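Numbered continuously in full-length UniProt numbering, the sequence shown closes out at residue 181.
For reference, the structure is listed below as structure tokens.
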Amino acid sequence: ICRPQSLGFKLCRPDSVLSSPIICRPVESRGFVFVSTKMASPSVCELSADLKAALKKFRFRKGETFAALVMKIDPEKLLVVEDEMYEDISFEDFVSELPDHSPRYVVISFRKAHQNGRVSYPLCFIFVSPQGAKTELQIMYAGSKTGVVNELGLTKVFEVRDVEELTEEWINSKLDLISNH
Numbered sequence: 001i002c003r004p005q006s007l008g009f010k011l012c013r014p015d016s017v018l019s020s021p022i023i024c025r026p027v028e029s030r031g032f033v034f035v036s037t038k039m040a041s042p043s044v045c046e047l048s049a050d051l052k053a054a055l056k057k058f059r060f061r062k063g064e065t066f067a068a069l070v071m072k073i074d075p076e077k078l079l080v081v082e083d084e085m086y087e088d089i090s091f092e093d094f095v096s097e098l099p100d101h102s103p104r105y106v107v108i109s110f111r112k113a114h115q116n117g118r119v120s121y122p123l124c125f126i127f128v129s130p131q132g133a134k135t136e137l138q139i140m141y142a143g144s145k146t147g148v149v150n151e152l153g154l155t156k157v158f159e160v161r162d163v164e165e166l167t168e169e170w171i172n173s174k175l176d177l178i179s180n181h
């Protein structure tokens, strides 16, 4: 099923053969040509210059408290932009600020105490993709996720389908799984 987008492109839901979203681009004499995002480019959407600067600042921040950088996609410009920056907020309050029916990318940093007494400040990427979100948005976010993660250079990557799943215990259990391998 394809739906037109404002820039002349269409985003199409993948069929059983293709596992990634498809971009349909207009070609003058042939109508729409289907191009898999894996073949065309690593990402449906690019990171805005302002977001790149905010991410660099976030990555090198000196704070020891919980912080989060929330990103969203501007569907008109096909850009990933900063939605909100949170610092010195509790994990629970942060989660309550996330939209229930719209996808978001989130980079979080927090103090993690390990069982051996060591303390770390991991940077984690979380793709929040609520089940009630519009299909077009889910496709845009899913098609851009790998490119965003690659550009950020993050290795701790997680996904939640329900904002309620996102708890401190959940993220700590995911990080513990990674560190035990």
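Beta carbons are placed, not taken as given, at the ideal position from N, Cα and C, and that holds for glycine.
None of the values given here were measured: they were computed from a predicted structure.
query	result
Hey, quick one: how far does the beta strand (DSSP E) through glutamate 84 stretch, first residue to last?	79–87
Closest to valine 163 by CA distance: which of Asp88, Ser90, Gln131, Tyr86 is it?	Gln131
Does leucine 175 come out as helix, strand or coil in the three-state DSSP assignment?	helix
Report the three-state DSSP secondary structure of tyrosine 141 (helix, strand or coil).	helix
Per the contact definition of three or more C-beta pairs closer than 8 Å, is the segment 88–100 in contact with the segment 139–146?	no
Between which two residues does the beta strand (DSSP E) carrying valine 106 extend?	104–109
With 16 as the cutoff for other CB atoms within 10 Å, does isoleucine 73 come out buried or exposed?	buried
If valine 106 and alanine 68 are in contact, beta carbons under 8 Å, what's the gap, nearest whole angstrom?	6 Å
Please determine, among Met85, Val157, Glu46, Ala49, the residue with the shortest C-alpha to C-alpha distance to arginine 61.	Met85
With the cut-off set at 7 Å, would you say lysine 108 and phenylalanine 158 are in Cβ contact?	The displayed chain sequence assigns isoleucine, not lysine, to residue 108. Their beta carbons are not under 7 Å apart, which means isoleucine 108 does not touch phenylalanine 158 by this criterion.
Using a Cβ-Cβ cutoff of less than 6 Å, which residues in the same chain neighbour leucine 166 once the five nearest sequence positions on both sides are dropped?	Val95, Val160
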